[in-house]
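Quick note: the numbering used here has the sequence shown finishing at residue 504, numbered continuously throughout. All C-beta atoms, glycine included, are put in the ideal place defined by N, C-alpha and C. Fair warning: this is a prediction, and the values are worked out from it, not measured in the lab.
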Amino acid sequence: MAREGISKKKCFTFTWLIENYSYFWQKNDESISSPDFIVDTMANTKWRLDLFPKGDEYTDEDFISFNLIRLDDCRGPREYQIFYELSFLGTDGSVLMLTNIIKDSFWKDSSSDAASFVKREVLKFRRKEFLPEDVLTTRCRMWKSIGQVERNVHCYARTRLEVERRSFLENIKQFSTFQKRIHQITSVSEGYSILTVKLFSSGGRSNETFIRVEVHTNDQNAKFSTFRIHLLDTAGNRILCLSEEFTFDDDFETALFTLTFSKEKLMQNKDLYLPNDVLTLHCEYAFSTGNETDEIEYVCYGRPPIQEENLTSDDSESKDMSLDSTKILKENLESSYMENLLCDTKLKTKTGSFPAHKYILSARSPVFKAMFTNDMRERNSECVNIEDLNDDTVQSMLLYMYTATLPDLQWDSACNLFTAADKYEILSLKSKCSSFLKGNLTQDNALNLLILTDMHQDEDLKSAVQDYILNHTGIFNTNEWKLFMKTNVDLAADLMYLKLQE
3 MAREGISKKK
13 CFTFTWLIEN
23 YSYFWQKNDE
33 SISSPDFIVD
43 TMANTKWRLD
53 LFPKGDEYTD
63 EDFISFNLIR
73 LDDCRGPREY
83 QIFYELSFLG
93 TDGSVLMLTN
103 IIKDSFWKDS
113 SSDAASFVKR
123 EVLKFRRKEF
133 LPEDVLTTRC
143 RMWKSIGQVE
153 RNVHCYARTR
163 LEVERRSFLE
173 NIKQFSTFQK
183 RIHQITSVSE
193 GYSILTVKLF
203 SSGGRSNETF
213 IRVEVHTNDQ
223 NAKFSTFRIH
233 LLDTAGNRIL
243 CLSEEFTFDD
253 DFETALFTLT
263 FSKEKLMQNK
273 DLYLPNDVLT
283 LHCEYAFSTG
293 NETDEIEYVC
303 YGRPPIQEEN
313 LTSDDSESKD
323 MSLDSTKILK
333 ENLESSYMEN
343 LLCDTKLKTK
353 TGSFPAHKYI
363 LSARSPVFKA
373 MFTNDMRERN
383 SECVNIEDLN
393 DDTVQSMLLY
403 MYTATLPDLQ
413 WDSACNLFTA
423 ADKYEILSLK
433 SKCSSFLKGN
443 LTQDNALNLL
453 ILTDMHQDED
463 LKSAVQDYIL
473 NHTGIFNTNE
483 WKLFMKTNVD
493 LAADLMYLKL
503 QE
């Protein structure tokens, strides 16, 4: 039967979102598994999807493998024949990668053969399409081989890999006589040391002294990790001097890296880099904990979910009722926030204190949820110290968390809120700020935004800013660009490389 004929039949659709995809650590022939799902319209057979980020046993590490599995503990006949199709989707539901519609017979405890689904480099080079906000959207559609199911069924599932992120300033005093510095990174959720970072000087070629970084894991659960270090100059500019990715396992517990600047080069430019003989480094570390959460979010019978269909005129009344209910809920939450009703915590900045409700913060931010539900000092404390954010940013962040609104958003406030949203993993706020920043790019602010996107590892926004700069070549003739090349060498080099590829 032709693809068109099969695709028009009623089917079972399983859409599976994988969050923090880049932080999965699996080796070749190790998989990420979806939640199990039962297809009641197909003899109550039970299934799951397996995705191999570095290929299965029949494929090398250059490919992603993607398979449909029929489970052993299920009903239905020993052998069941279906048509099926596997795909990767964009955020708008568009198909980015697709198999043919395949006819196959599945025995209990058997799998499909879709080994070389797509090359890994495709996701890297087209990250903006495949991995927006580091979320991979996959889909499996299934049809009966004879006849058709009596109704369309759409099941939505999500797998989220826990990722902890840390950033800290390391001020190395008396740098001219510096030998060694040790920093411990602790777990937000558990409170114990997960990583030891040792900075030390070491001789190199041509009598140069290099600053080396030794990263040692103290936690067997720490898997794939990213580590970035920026040098801060006296003007507050950030110069990337280390960016590494690595995976800890039983055979690899310590990683060793070298900063791009030698000690002698820093000393030669001490007025710029060493005020009062102090070297300031901004360090960012993120790692996957090995913990995953899986859930079936909802199942829709008979027709596509609301976000996939156009509301008809028959739906207008229910739509209006829904909007009214949403408006009332928003007004009630805003009232609770503005009137400080029954608040049970405070967010404290350097200059202000802002009452809030733990349950609202926890519902909107997994970082706050970890603070209030795990054995951390914030759980029993009456306040949370966030001295790295200013009062206006905290107020705007809280208003959004209560009402999902961003009144009077301006460029500077959007940048500050983007930083706050990234820190506390408020993804919808980060997305709104990102959209605002994309829509308000100018030749005057593009370079600074590129630095911000690099700081927060937002590849989607970073790509948009790079495209803007490449399309506005006048930026390359400005004094700002000359300074940018000196203080952000890697970012400038990336832009030049992209320009040469045009």
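{"Item": "Unbroken alpha helix (DSSP H) run spanning residue 471, endpoints", "Value": "461-473"}
{"Item": "Nearest residue (CA-CA) to residue 213, options 244, 399 and 234", "Value": "244"}
{"Item": "Proximity to residue 201 [Cα-Cα], best of 187, 33, 414 and 260", "Value": "260"}
{"Item": "Range covered by the alpha helix (DSSP H) that runs through residue 431", "Value": "429-441"}
{"Item": "Euclidean distance between Cα positions of residue 169 and residue 289", "Value": "12 Å"}
{"Item": "Cα-Cα separation between residue 105 and residue 115, rounded to whole angstroms", "Value": "11 Å"}
{"Item": "Bridge partners - residue 204, DSSP secondary structure assignment", "Value": "212"}
{"Item": "Delimiting residues of the alpha helix (DSSP H) encompassing residue 62", "Value": "Element bounds for residue 62: n/a, residue is neither H nor E."}
{"Item": "Cβ-Cβ distance between residue 46 and residue 7 below 8 Å", "Value": "no"}
{"Item": "For residue 122, the nearest candidate out of 73, 164, 110 and 63 (CA to CA)", "Value": "63"}
{"Item": "Same chain, Cβ closer than 6 Å to residue 162, five either side skipped, listed in chain order", "Value": "21 and 295"}
{"Item": "Any 3 or more C-beta pairs closer than 8 Å across the stretch 127-141 and the stretch 414-428", "Value": "no"}
{"Item": "Span of the alpha helix (DSSP H), counted from its first residue to its last, around residue 425", "Value": "413-425"}
{"Item": "Span of the beta strand (DSSP E) around residue 146", "Value": "137-146"}
{"Item": "Alpha-carbon spacing of residue 140 relative to residue 99, whole angstroms", "Value": "9 Å"}
{"Item": "Rounded distance between the beta-carbons of residue 188 and residue 178, thought under 8 Å", "Value": "Not quite, the Cβ-Cβ distance comes to about 30 Å (not below 8 Å), so this is no contact."}
{"Item": "Residue 441 classed as buried or exposed, judged by whether at least 16 other C-beta atoms fall within 10 angstroms", "Value": "exposed"}
{"Item": "Straight-line Cα distance separating residue 86 from residue 154", "Value": "14 Å"}
{"Item": "Residue 89 versus residue 146 - alpha carbon distance", "Value": "18 Å"}
{"Item": "Own chain residues within Cβ distance below 7 Å of residue 25, not counting five before or after", "Value": "163, 165, 226 and 290"}
{"Item": "Other residues of its chain near residue 91: CB distance less than 8 Å, five sequence neighbours each side excluded", "Value": "17, 97, 98, 139, 140 and 141"}
{"Item": "Exposure label - residue 109; buried when at least 16 CB within 10 Å", "Value": "exposed"}
{"Item": "For residue 302 and residue 414, the rounded distance between their alpha carbons", "Value": "42 Å"}
{"Item": "Residue environment, residue 346, which counts as buried when at least 16 other CB atoms sit within 10 Å", "Value": "exposed"}
{"Item": "7 Å Cβ shell around residue 59 - same chain, five flanking residues per side excluded", "Value": "31"}
{"Item": "Reduced DSSP category for residue 357 - H, G, I as helix; E, B as strand; rest coil", "Value": "strand"}
{"Item": "Three-way DSSP call (helix, strand, coil) for residue 362 in this model", "Value": "helix"}
{"Item": "Beta strand (DSSP E) runs wholly inside the stretch 56-93, at least 3 long, in chain order", "Value": "65-72 and 81-91"}
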